[in-house]
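Residue numbers (my numbering), protein chains in the order written: chain A, 889 to 1189; chain B, 9 to 91. Beta carbons: idealized from backbone N, C-alpha and C, even for Gly. Here the structure is a predicted model, which means the values were calculated and not measured. Working notes for the structure below.
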C-alpha cells in the first residue's frame, strides 16, 4: 500500500496528538447536492463546498506541514472539473506529497443499514476509479471513513477489507457500548467482519473519541461559537494560557479511553467546515506552537 | 506549576495515525458482530430509518437491478468501451 510521505515525525517518549483537518460534506441532506456544492439556498444554510476546496488548497500550498483530508468524490470532482491546468497541477502535487489525502474516496459516505452490497460496491467504484484515473495509485484511500452513518454493518467492514483498506473509523456507536469501550480501553479493535472469509475480512476499526468533532473549546470554524486563541498579553481578551491548559487536559482525558499512550487522534472539523480555512488553520498553528513550546521550556501556567 | 508537557501536537491524517499505531506493535481486542442498533441516548434508537421512505427505498433497489442489466448489455454489445 502507498504510504503518506508527509506523515509527521512521531516522538516515542511523548503523547503525539494527530490533528486531522476534515470537513464532513453530506452529498445531499438539508439541501440538494448541487445546492450544497454552490452554496445556494442560504436561508437553509450558507455553506458551499466549492468555497471549502478553494479556501483549503492555498493554505496547503503555502505550508508543507499543513494537511487536509477529503472524503466525498461527488463533491471533489464537481470542483475539479471547474479548475484550470495550473490549479490541477498544484492539487496533483499536494496529493503526491501527501498533504491532501483522500479518505474513503467513494462517490459518497454510504449508509450501512438500508444499502445493498451491490450498490455499495458500485458507488465506491465510481469514486475510486475516478481518483485512480485522475491521480493514479498514489491517491488510493487507505481508510474507510464512516463518521456519520447511524450504526455499522459487518458487510461494510468486510467490503472495505476486500477493497484493500487498512482501517475503518467512525463515530456513531450505541452510547452504552461507547462508555464500556472507553472504560475498558477498547475504542479500537480488529473487526473480524466475515465468518466465511476469515482473515481476509479482518480490519482495524476505531471509534473516534469525540464524535467526529474537536474537543470542547477547540472548534475554530466560522460556524462555531468557541473563542479563537488570543495571544497578545497587551490585549484585554488574552486567553492563550487558559487555552493551552485546557487543551492539555483534553488530550490527557482522551488518552484514558484508548490503548495507546503514544498516539491519539483528534478530528478538527465537522459538517461543511473550512469554508474559511483561515479561521481553522490560523488557530491550529497557534495551538501547535504554544503546546509544543512547553516540551522544552517547562510550563509556568 | 508543572514543569513541561509531554504532548506533541502535529498536523496528521488518519493513515499517518494508523501507521503510528501500527509501529507501536500493540495487541488489539477483536470483535465479530455488528454495530446495530445505534442508540444515541436512552429512548433514542435510530431504527426508524430502516423503513422510512419505503417508496424511495424500492426505487433504489429497482434502479440497482436495472443498472446491472444495462451494464451486462453494454458489455455484450461493446458499448462500454471508451471510443
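Residue-chain proximity (residue i, chain A), Cβ-Cβ < 9 Å
i                     : result
residue 80 of chain B : no
residue 76 of chain B : yes
residue 66 of chain B : no
residue 88 of chain B : no
residue 40 of chain B : yes
residue 27 of chain B : yes
residue 34 of chain B : yes
residue 63 of chain B : no
residue 21 of chain B : yes
residue 48 of chain B : yes
residue 17 of chain B : yes
residue 83 of chain B : no
Whole-Å CB distance - residue i paired with residue j, under 8 Å assumed
i                       : j                       : result
residue 990 of chain A  : residue 1027 of chain A : 5 Å
residue 1148 of chain A : residue 35 of chain B   : No, residue 1148 of chain A and residue 35 of chain B are not in contact; Cβ-Cβ is about 12 Å, not under 8 Å.
residue 906 of chain A  : residue 20 of chain B   : 4 Å
residue 1044 of chain A : residue 1000 of chain A : 5 Å
residue 27 of chain B   : residue 891 of chain A  : 7 Å
residue 959 of chain A  : residue 1033 of chain A : 5 Å
residue 910 of chain A  : residue 1157 of chain A : 4 Å
residue 1120 of chain A : residue 1167 of chain A : Their Cβ separation, rounded to whole angstroms, is 17 Å, which puts residue 1120 of chain A and residue 1167 of chain A out of contact at 8 Å.
residue 53 of chain B   : residue 1061 of chain A : Wrong, their Cβ atoms sit about 13 Å apart, outside the cutoff.
residue 1039 of chain A : residue 1093 of chain A : The Cβ separation is near 14 Å, so there is no contact.
residue 1134 of chain A : residue 1082 of chain A : That belief does not hold up - the Cβ atoms of residue 1134 of chain A and residue 1082 of chain A are roughly 43 Å apart, past 8 Å.
residue 1008 of chain A : residue 22 of chain B   : With 8 Å as the limit, residue 1008 of chain A and residue 22 of chain B do not qualify as a contact, their Cβ atoms being about 20 Å apart.
residue 1163 of chain A : residue 939 of chain A  : 5 Å
Span separating the alpha-carbon of residue i from that of residue j
i                       : j                       : result
residue 969 of chain A  : residue 1017 of chain A : 16 Å
residue 923 of chain A  : residue 1161 of chain A : 16 Å
residue 71 of chain B   : residue 997 of chain A  : 19 Å
residue 50 of chain B   : residue 1064 of chain A : 9 Å
residue 1050 of chain A : residue 1073 of chain A : 27 Å
residue 904 of chain A  : residue 86 of chain B   : 53 Å
residue 952 of chain A  : residue 1150 of chain A : 24 Å
residue 1024 of chain A : residue 950 of chain A  : 24 Å
residue 1130 of chain A : residue 1171 of chain A : 14 Å
residue 929 of chain A  : residue 1159 of chain A : 17 Å
residue 96 of chain B   : residue 1136 of chain A : Shown here, chain B extends from 9 to 91; a query on residue 96 of chain B therefore has no answer.
residue 1071 of chain A : residue 1088 of chain A : 30 Å
residue 967 of chain A  : residue 942 of chain A  : 9 Å
residue 1106 of chain A : residue 1010 of chain A : 37 Å
residue 993 of chain A  : residue 1058 of chain A : 15 Å
residue 84 of chain B   : residue 1013 of chain A : 21 Å
residue 1152 of chain A : residue 56 of chain B   : 34 Å
residue 1052 of chain A : residue 39 of chain B   : 19 Å
residue 48 of chain B   : residue 1021 of chain A : 39 Å
residue 68 of chain B   : residue 75 of chain B   : 10 Å
residue 91 of chain B   : residue 42 of chain B   : Bear in mind that a pLDDT of 49 at residue 91 of chain B, under 50, signals an unreliable position, so the model cannot answer this.
residue 976 of chain A  : residue 1114 of chain A : 35 Å
residue 1175 of chain A : residue 1112 of chain A : 17 Å
residue 918 of chain A  : residue 932 of chain A  : 7 Å
residue 1155 of chain A : residue 82 of chain B   : 43 Å
residue 1139 of chain A : residue 983 of chain A  : 29 Å
residue 1090 of chain A : residue 897 of chain A  : 28 Å
Cutoff 9 Å: residue i Cβ touching any chain B Cβ
i                       : result
residue 1187 of chain A : Summary for residue 1187 of chain A: the model assigns pLDDT 45, below 50, so the residue's position carries little reliability, and this model does not support an answer.
residue 943 of chain A  : no
residue 1002 of chain A : yes
residue 1147 of chain A : yes
residue 1098 of chain A : no
residue 914 of chain A  : no
residue 986 of chain A  : yes
residue 1061 of chain A : yes
residue 993 of chain A  : no
residue 1093 of chain A : yes
residue 982 of chain A  : no
residue 989 of chain A  : yes
residue 1151 of chain A : yes
residue 1055 of chain A : yes
residue 908 of chain A  : yes
residue 1184 of chain A : yes
Discussion item. Please list, in chain order, the residues of the stretch 1032-1051 of chain A that have any C-beta partner in chain B closer than 8 Å.
Written reply: 1033, 1038, 1039, 1040, 1041 and 1042
Discussion item. Residues of the stretch 952-977 of chain A in Cβ contact with chain B at a cutoff of 9 Å, in chain order, please.
Written reply: 953, 954, 955, 956 and 957
Worksheet item: Fully enclosed by the stretch 1034-1094 of chain A, which alpha helix (DSSP H) runs are 4 residues long or longer?
Response: 1042-1051 and 1063-1071
Worksheet item: Can you list, in chain order, the stretches of the beta strand (DSSP E) that have 3 or more residues and sit fully within the stretch 974-1023 of chain A?
Response: 988-990
Worksheet item: Between the stretch 1155-1181 of chain A and chain B, which residues of the former have a C-beta closer than 7 Å to a C-beta of the latter?
Response: 1175, 1176, 1179 and 1180
Practice prompt. Let me know the alpha helix (DSSP H) ranges lying completely inside the stretch 9-48 of chain B, each 4 residues or longer, listed in chain order.
Written response: 22-31
Worksheet item: Quick one, which residues of the stretch 996-1026 of chain A are near chain B if we go by CB-CB under 9 Å, in chain order?
Response: 999, 1000, 1001, 1002, 1003, 1004, 1006, 1007 and 1010
Item to complete: Please name the residues in the stretch 1107-1119 of chain A whose beta-carbon is closer than 8 Å to at least one beta-carbon of chain B, in chain order.
Response: none
Worksheet item: In chain order, what residues of the stretch 892-906 of chain A put their CB closer than 7 Å to some CB of chain B?
Response: 892, 895, 896, 898, 899, 902, 903, 904, 905 and 906
Item to complete: Output, in sequence order along the chain, the residues in the stretch 1119-1145 of chain A whose CB is closer than 7 Å to any CB in chain B.
Response: 1136 and 1139
Practice prompt. Give the residues from the stretch 920-946 of chain A that approach chain B closer than 8 Å (Cβ to any Cβ), ordered along the chain.
Written response: none
Practice prompt. Determine which residues of the stretch 1066-1091 of chain A have a Cβ less than 7 Å from any Cβ of chain B, and write them out in chain order.
Written response: 1074, 1076, 1077, 1078, 1079 and 1080
Worksheet item: Quick one: complete beta strand (DSSP E) runs, 3+ long, within the stretch 1111-1184 of chain A?
Response: 1151-1156
Discussion item. Ignoring anything shorter than 3 residues, give me the beta strand (DSSP E) runs that lie fully in the stretch 911-966 of chain A, in order along the chain.
Written reply: 956-958
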